[in-house]
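Numbering (my numbering), first residue to last: 37 to 386.
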């Protein structure tokens, strides 16, 4: 039995970032031709002061813990009534990590709530840059400024990694279709590597973790609200929107010329099911995956994803992630963030 290192208080590192105010899941239909997110991430002195005050108060920073099994000294029967997340690979408080790094990485990657993180805006902007960058390079340059701002108080290596990503937005979007997307991926991975010791999201970006250890909230965010820039879809749309074009929100015939996308989506969902730490979320994802498996087996008459995604939304809500409500408007998702004016694009694949 492996045990976790104890902390100096009853609070965990996850609770440090959990105390940061955040809005619900993003989601508002994009009805214009350009697929930009107009969401401006919450940052600035007020948010930064809150992060700076919370982290030292609970013993410093977050480190990824590789522990599994029951808590130290605990008998499975004696601990059955405790928090079901106990013993899973979660961040724990440590005085070794720099609080400024924890604050910056938490703001960028969104741990542990994963709601409206800067990383989501960065992915959206990178995906739309080849189309819209030449006509509005200043807009994309401001994204670089945003990245630098998040990491302005972080240690030097993190600032350097952030600066590389920021510089991409200042130089590549104006090149349009000639923009170096591999350079973006490299810069993205570099920043994730700098943050992986204090951010679960960053660590999963660097490399998949053990099965059954990916936080349900992160899985839910990946499905409902994260642009597919670095997935096989390679666009700014979230996964749900991209899936609607394949198997529909309501019943439809699966397009015969999209078999490879269907197969890749099935593999993506299988990976999320294996990774998630919440059985209810995993079971709901199995239902989302079902029409893709049916299509690959030859049954291309899809019943759509409305009911499976409703079930997933309920499971995500129970796991602590405010998933968007679903609606159909040209293949778009209308989510909880619409009422608050904060959104990531959920436009259908064109």
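Beta carbons are placed, not taken as given, at the ideal position from N, Cα and C, and that holds for glycine.
Predicted, not measured: the structure shown is a model, and the values here were computed from it.
Host alpha helix (DSSP H) of residue i (start-end)
i           : result
residue 14  : There is simply no residue 14 to check, as the chain begins at 37 and stops at 386 in what is shown.
residue 222 : 217 to 231
residue 180 : 173 to 186
residue 200 : 192 to 207
Bridge-paired residues (DSSP) for residue i
i           : result
residue 250 : 312
residue 338 : 288
Cβ-based burial, residue i [other Cβ within 10 Å; buried from 16]
i           : result
residue 152 : buried
residue 232 : buried
residue 187 : buried
residue 349 : buried
residue 132 : exposed
residue 135 : buried
residue 308 : buried
residue 263 : buried
residue 314 : buried
residue 287 : exposed
residue 193 : exposed
residue 277 : buried
residue 296 : exposed
residue 293 : exposed
residue 140 : buried
residue 143 : buried
residue 213 : exposed
residue 243 : exposed
residue 355 : buried
residue 182 : buried
residue 155 : buried
residue 358 : buried
residue 261 : buried
residue 366 : Note on residue 366: pLDDT 35, under 50, position unreliable in the model; the coordinate value appears next. Counting Cβ neighbours within 10 Å, residue 366 comes out exposed, since fewer than 16 surround it.
residue 118 : With a pLDDT of only 38 at residue 118, under the threshold of 50, the placement of this residue in the model should not be trusted; the figure read from the coordinates follows. Counting Cβ neighbours within 10 Å, residue 118 comes out exposed, since fewer than 16 surround it.
Sequence-distant residues of the same chain with beta carbon closer than 8 angstroms to residue i, five excluded per side
i           : result
residue 305 : 321, 324, 325 and 328
residue 219 : 204 and 208
residue 289 : 336, 337 and 338
residue 11  : Coverage of the chain is limited to positions 37 through 386, which leaves residue 11 absent and any answer about it impossible.
residue 81  : For residue 81, the predicted model reports a pLDDT of 38, less than 50, meaning its position is unreliable and no value from the coordinates is stated.
Neighbourhood of residue i by C-beta distance below 7 angstroms, restricted to the same chain and skipping five residues each side
i           : result
residue 334 : none
residue 209 : 165, 169, 173, 176 and 215
residue 332 : 298, 299 and 302
residue 347 : 320 and 323
residue 200 : 223 and 226
residue 247 : 310 and 311
residue 206 : 177 and 180
residue 279 : 301 and 341
residue 88  : Because the pLDDT of residue 88 is 41, which lies under 50, any placement of that residue in the model is unreliable, and the number read from its coordinates should be weighed accordingly. Around residue 88: 135 and 139.
residue 161 : 176, 179 and 205
residue 221 : 266
Sequence-distant residues of the same chain with beta carbon closer than 6 angstroms to residue i, five excluded per side
i           : result
residue 344 : 323 and 324
residue 268 : 300
residue 163 : 263, 265, 271 and 272
residue 190 : 136, 137 and 140
residue 235 : 141, 145 and 147
residue 257 : 150
residue 159 : 263 and 265
residue 202 : 180, 183 and 184
residue 197 : 226, 227 and 230
residue 195 : 187
residue 284 : 338 and 340
residue 259 : 275
Please go through the segment 133 to 161 and give each complete alpha helix (DSSP H) segment of 4 or more residues, from N-terminal end onward. Fully enclosed alpha helix (DSSP H) runs of 4 or longer: 135 to 145.
Run through the segment 235 to 279 for me and flag every whole alpha helix (DSSP H) of 4 or more residues, listed as ranges in chain order. Runs found: 236 to 242 and 252 to 260.
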